[in-house]
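This report refers to the structure that appears directly beneath it.
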Amino acid sequence: MKKIIPITDLQRQAARIVGSLSESEEPFIITQRGRAAAVLIPVSRYEQIEQDLARLDELELREMLAVAEAQIAQKKTISHRKVKERLAEQRKKTAPRRKRKTG
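Laid out in structure tokens, this is it:
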């Protein structure tokens, strides 16, 4: 269960609150003016989140490579020259137009 505490309580009782993080592994939602402003989590949980995100990044990259390899095998590729041409066309379409000077 998440614990919700105002920032003023965190300021007054920081040592106790940080100490209790290691006991429960539950995050603290820090509020400011009645609204959620931050989350305080144990370092172990933060490290786990970082590892999980790294694994997800790796899985996403592997999926992208598999798709690319399948496209290559099916000859669904275009030349470097064609890519440059398409990018140049896109830039022309999205480039901000300059105003003409009047006077």
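Counted the way numbering that gives the first Met the number 0 counts, the sequence shown spans residues 0 to 102. Here a beta-carbon is modelled for each residue, glycine too, at the ideal position from N, C-alpha and C.
Return yes when the Cβ of L20 is within less than 8 Å of the Cβ of P41, no when it is not. Counted from its first residue, the sequence shown places residue 41 at position 42. Counted from its first residue, the sequence shown places residue 20 at position 21. Cβ distance < 8 Å, so P41 and L20 count as in contact.
Inside the region 11-54 only - beta strand (DSSP E) runs reaching at least 3 residues: 27-31 and 34-39
Closest to Q12 by C-alpha separation, out of I29, S23, T76 and E49, would be which residue? Start at 1 with the first residue of the sequence shown, and residue 12 comes out as number 13. When only C-alpha atoms are compared, the closest one is I29.
Rounded to whole angstroms, what is the Cα-Cα separation between E22 and T7? Position 23 of the sequence shown, counting from 1, holds the residue named residue 22. Position 8 of the sequence shown, counting from 1, holds the residue named residue 7. When rounded, the distance between both Cα atoms is 22 Å.
Return the CA-CA distance between L86 and D51, expressed in angstroms with no decimal places. As a first step, residue 86 must be located in the sequence shown, where it is residue number 87. As a first step, residue 51 must be located in the sequence shown, where it is residue number 52. Approximately 35 Å between the Cα atoms of the pair.
Less than 8 Å separating the beta-carbons of K1 and E25? Stepping through the sequence shown from its first residue, residue 1 is reached at position 2. Stepping through the sequence shown from its first residue, residue 25 is reached at position 26. Yes, Cβ-Cβ distance for K1 and E25 is below 8 Å.
For K74, the three-state DSSP class (helix, strand or coil): On the sequence shown, residue 74 is found 75 positions in, with the first residue counted as 1. Here K74 sits in coil by DSSP.
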